[in-house]
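Q:
Residue numbers (the numbering used here), protein chains in the order written: chain A, 1 to 422; chain D, 1 to 445.
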């Protein structure tokens, strides 16, 4: 059922060419219905006042971070400004480095599962899935149908909570003093309650196991989930109305931090940032894993690639996730098998070889590359973290804008330092 | 105050003290009161803001210290006092020390001309309004001192933003008040309030209607437009969202306050909230009649006043209470709007702020001054000034024509200026996306 149309049917800008994402994009077509017509200019051309006839100005170097309220953790931006205009920006990271990959190579495969929770601590379920898939590929473990449904359900819930939180933080960075954040967190709490019900933990879920999930959904889970699905559209609509009707918010978001398509592809950016730039690349469609080929959902794309497009893409993704969850609720009772493959050993000793598994995490392509030498510990453990790779074009996105825009652009990339530095 | 003290001591008690003693006593009383009131306002406003914004954000707000959290601001004050006062090693010690004083002192001085109730004004300056805004500009110097002396880049950026913003938005604020000054022909805040007695229908009140104290300038087209502009400018002067750019916490940490701690930081906070209170109060005074409201005039007619030395001091108390109640109700209502905006809007960017102030607000106030002149000409001027066609009109007709003409001028001006502003923004804003992409992707090759 890989026939979803683009949920944000926008024409690609002239001169950009047809989408050229790797694999599986047939069947995705775009309709000629522009959502956005014009863009405000927010970037200053010829930003430096280097005319010797004018009075002398000095460039100022500022360290935004590592202790700064809006760098989403310990992240440093070495910014060179001329007055308020950015002329150069260098992202500096590594302050939260905790040797994740090396530690993982000292642990057994199962011991690493809780470590993956701490990568992107907002989306522990998504991290679990990517890691479990990599190990299953390596060891050749089958996953029952019901377990796959539960996994997809959890990851889609994660996507909703991540986007609700990310948009809240972004608007908070714009100076709206936590109002939106508080409402986003309220929705997030409801989903965390569901996680707690299923896994016993709210954030560090550690719910997935090789061959399934650690325990089946409790009986009170489904009624609560249905309640959530009934209440959610109102929240998403409210958020979208805020974005589309708040003049100041539009002024701060439109035309800011434009990431052109070519640049995005060249930096191998993924996730909502890439889709905001107009590339309809979503691993759930491009290389359907788990049971995603059974669901009907759309991939939203933007047209300009600015902060506002990333906003809209995230909002639409929340709606699409809700659609997927509704289909799961329908199909789950008929799914075969239990919550875990009873023959799957947890203390795996995979045969010699390597495996790479990737999923569409809420932030982009999350991949785990594992090399096994036949021992119970991975020989090599590598994480392809979307936050880290999405952060690399930050300097190009910020150059020419104002100091105030930097935090907005950073917020629109949606990073978690736990995943950037590992 | 002088009248009340004089009335109490010399008339009621019959002690016959000399005038200078009475003046001294009354001034000391007033200063003591004001120095108690100003920090109290700050304490109350912080509590009020935190509770109100908590409601908007689906929270409860401070609720642990005292009943319903009412003592929270006092606990915060104690915390401020007990914190270590840190001066950065590279800072200019004296300027760093003086800056909070330079910021706080003007805001305290501004209380001197604020009338609280009928006959309750510390100093009735004949240029009170001018004094108010002249004094308020001084705090910009203090902000720059703070930013420069801290030798911190965020503080410097914040101070530059603060000064640019205050200087730019002082112009629309003062120009919008100028329109009201033209309507009344006075700069004295007391007289401005007195001009708002009765009903705002012509210079003569409608016969048979008691003094309701509802002749507020907000009910005229000139006053309405002036109020809107003034309130926006007041948001910028008081550094409130969406204009809280100088202390944008997500961008430049805390702006000019970054390197301050302990009570010096508290003083900046105090100055800011007192300034917000004063700006709300002056908006209430100039456009919403200040203490004017139904009942105050009637009570004050029976009280001790220069016009009526034989009145009863009980009526002074009653009129004072009612007047202060009206003033504070209006002021807190405006402050609520400020809190509301803070909960609902992100902040603008510096260039957007400047564009809005210089390209939209200032032209709008200039047009408003023209319509204020039309209002005065139609309502007051006669043959002596060379206007003869209004000679035989009744006051009501004159008022009606003036209302209609100024309303039309203001609405046309608003729409036209908004269009021009939007067009200029759009002109600036149209990006050739292809060209834009080329310049960006050029960095790849």
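Using N, Cα and C, we set each Cβ at its ideal position, and we do this for glycine too. It should be emphasised that the depicted structure is a prediction, and the values quoted were computed from it without experimental measurement.
1) Quick one: what does DSSP say residue 356 of chain A is sitting in, helix, strand or coil?
2) Can you check whether the C-beta of residue 383 of chain A is within less than 8 Å of a C-beta belonging to chain D?
3) On the criterion of 16 or more Cβ atoms from any shown chain inside 10 Å, does residue 15 of chain A qualify as buried, or is it exposed?
4) Between residue 153 of chain D and chain A, is the shortest Cβ-Cβ distance under 8 Å, so that the two count as touching?
5) Relative to chain D, which residues along the region 264-282 of chain A have a C-beta separation below 8 Å, given in chain order?
6) For a contact meaning CB atoms closer than 9 Å, what does residue 355 of chain D contact in chain A?
7) In chain order, what residues of the same chain lie with their CB nearer than 6 Å to the CB of residue 156 of chain A, ignoring the 5 residues before and after it?
8) Do the region 324-338 of chain D and the region 281-293 of chain D meet, that is, are 3 or more Cβ pairs less than 8 Å apart?
9) Leaving out five residues before and five after residue 96 of chain A in sequence, what residues of the same chain have Cβ atoms less than 7 Å from its Cβ?
10) Is residue 88 of chain A helix, strand or coil when you go by DSSP?
11) Rounded to the nearest angstrom, what separates residue 91 of chain A and residue 267 of chain A at their Cα positions?
12) With DSSP as the reference, label residue 402 of chain A as helix, strand or coil.
13) Using a Cβ cut-off of 8 Å (strictly closer), state whether residue 60 of chain A contacts chain D.
14) Name the DSSP bridge partner or partners of residue 381 of chain A?
15) Quick one: using the 10 Å Cβ neighbour count with 16 as the cut-off for buried, is residue 320 of chain D buried or exposed?
16) Return the Cβ separation of residue 235 of chain D and residue 338 of chain D in integer angstroms, given the expectation that the two are a contact with Cβ distance under 8 Å.
17) Quick check: what's the CA-CA separation for residue 39 of chain D versus residue 245 of chain D?
18) Within the 8 Å Cβ cut-off, does residue 69 of chain D reach chain A?
19) Who are the neighbours of residue 388 of chain A on chain D, taking C-beta pairs under 7 Å?
20) Got a sec: which bits of the region 251-270 of chain D sit with their beta carbon under 8 Å from any beta carbon on chain A, in order along the chain?
21) Can you name the residues of chain D whose CB is closer than 7 Å to the CB of residue 178 of chain A?
22) Within 10 angstroms of its Cβ, does residue 247 of chain A collect 16 or more other Cβ (buried), or is it exposed?
23) Output needed for residue 141 of chain A: all residues of its chain with C-beta closer than 6 Å, excluding positions within five of it in sequence on either side, in chain order.
24) Going by DSSP, name the residue or residues bridged to residue 62 of chain A.
25) Going along chain D in order, which residues have a C-beta closer than 7 Å to the C-beta of residue 402 of chain A?
26) Tell me, please, whether the CB atom of residue 133 of chain A is closer than 8 Å to any CB atom in chain D?
27) For residue 365 of chain A, which beta-bridge partners are listed by DSSP?
28) Can you list the residues of chain D that residue 171 of chain A reaches, using a CB-CB cut of under 8 Å?
29) Select from D/136, D/293, D/151, D/261 the residue whose C-alpha is nearest the C-alpha of residue 449 of chain D.
30) Below 8 Å between beta carbons: does that hold for residue 381 of chain D and residue 387 of chain D?
31) Per DSSP, what kind of secondary structure is residue 212 of chain A in: helix, strand or coil?
32) So what does DSSP say about residue 212 of chain D, is it helix, strand or coil?
33) Can you tell which of A/362, A/158, A/225 has the C-alpha that lies nearest to the C-alpha of residue 203 of chain A?
34) What residues from chain A crowd round residue 241 of chain D, counting only those whose CB sits closer than 9 Å?
35) Of all Cβ atoms in chain D, is any one closer than 8 Å to the Cβ of residue 248 of chain A?
36) If the cut is a Cβ gap below 7 Å, which residues of chain D does residue 218 of chain A touch?
A: To lay it out plainly:
1) Residue 356 of chain A: strand per DSSP, three-state reduction.
2) Not an interface residue.
3) With a pLDDT of 37 at residue 15 of chain A, under the threshold of 50, the predicted position of this residue should be treated as unreliable, though the coordinate-derived value follows. Exposed, since its Cβ has fewer than 16 Cβ neighbours within 10 Å.
4) Using a Cβ-Cβ cut-off of 8 Å, residue 153 of chain D counts as an interface residue toward chain A, since at least one Cβ of chain A sits closer than that to its own.
5) For the region 264-282 of chain A, the residues whose beta carbon sits under 8 Å from a beta carbon of chain D are, in order, 266.
6) Those within 9 Å of residue 355 of chain D in chain A number zero; the least Cβ separation is about 10 Å.
7) Counting only Cβ-Cβ distances below 6 Å, and skipping sequence neighbours, we find 321, 324, 325.
8) Touching, yes.
9) Excluding sequence positions up to five before and after residue 96 of chain A, its CB lies within less than 7 Å of the CB of 73, 74, 417, 418, 421, all in the same chain and listed in chain order.
10) In the structure shown, residue 88 of chain A sits in a strand (DSSP, three-state: E or B).
11) Computed Cα separation, rounded: 14 Å.
12) DSSP, reduced to helix, strand and coil, places residue 402 of chain A within a strand of the structure shown.
13) Chain D contact via Cβ: present.
14) Looking at the DSSP assignment, residue 381 of chain A forms a beta bridge with A/370.
15) Under this definition residue 320 of chain D is a buried residue.
16) At roughly 7 Å, the Cβ-Cβ gap stays under 8 Å, so residue 235 of chain D and residue 338 of chain D are in contact.
17) Rounded to whole angstroms, the separation of the alpha carbons of residue 245 of chain D and residue 39 of chain D is 25 Å.
18) Residue contact check for residue 69 of chain D against chain A: no CB pair falls below 8 Å.
19) The contacting residues do not exist; residue 388 of chain A stays about 20 Å from chain D at best.
20) From the region 251-270 of chain D, only 251, 252, 253 have a Cβ closer than 8 Å to chain A.
21) Those are 57, listed as they occur along chain D.
22) Within a 10 Å sphere around the beta-carbon of residue 247 of chain A sit fewer than 16 other beta-carbons, which makes this residue exposed.
23) Closer than 6 Å at Cβ, skipping near neighbours: 210, 211, 344.
24) Looking at the DSSP assignment, residue 62 of chain A forms a beta bridge with A/79.
25) Near residue 402 of chain A (Cβ distances below 7 Å), the residues of chain D are 349, 350, 351.
26) Not an interface residue.
27) Beta-bridge annotation (DSSP): residue 365 of chain A is paired with A/360.
28) What residue 171 of chain A touches in chain D: 346.
29) Not covered by the structure: residue 449 of chain D. The range shown for chain D is 1 to 445.
30) Between residue 381 of chain D and residue 387 of chain D, the gap from beta carbon to beta carbon is short of 8 Å.
31) Of the three classes helix, strand and coil, the one that applies to residue 212 of chain A here is strand, per DSSP.
32) In this structure, residue 212 of chain D counts as coil in the three-state DSSP scheme.
33) Out of A/362, A/158, A/225, A/158 has the C-alpha closest to the C-alpha of residue 203 of chain A.
34) Chain A residues near residue 241 of chain D: 175, 176, 177.
35) Flagged as an interface residue toward chain D: residue 248 of chain A, by a C-beta distance shorter than 8 Å.
36) Chain-ordered listing is empty here: chain D has no CB closer than 7 Å to the CB of residue 218 of chain A, the nearest sitting near 28 Å.
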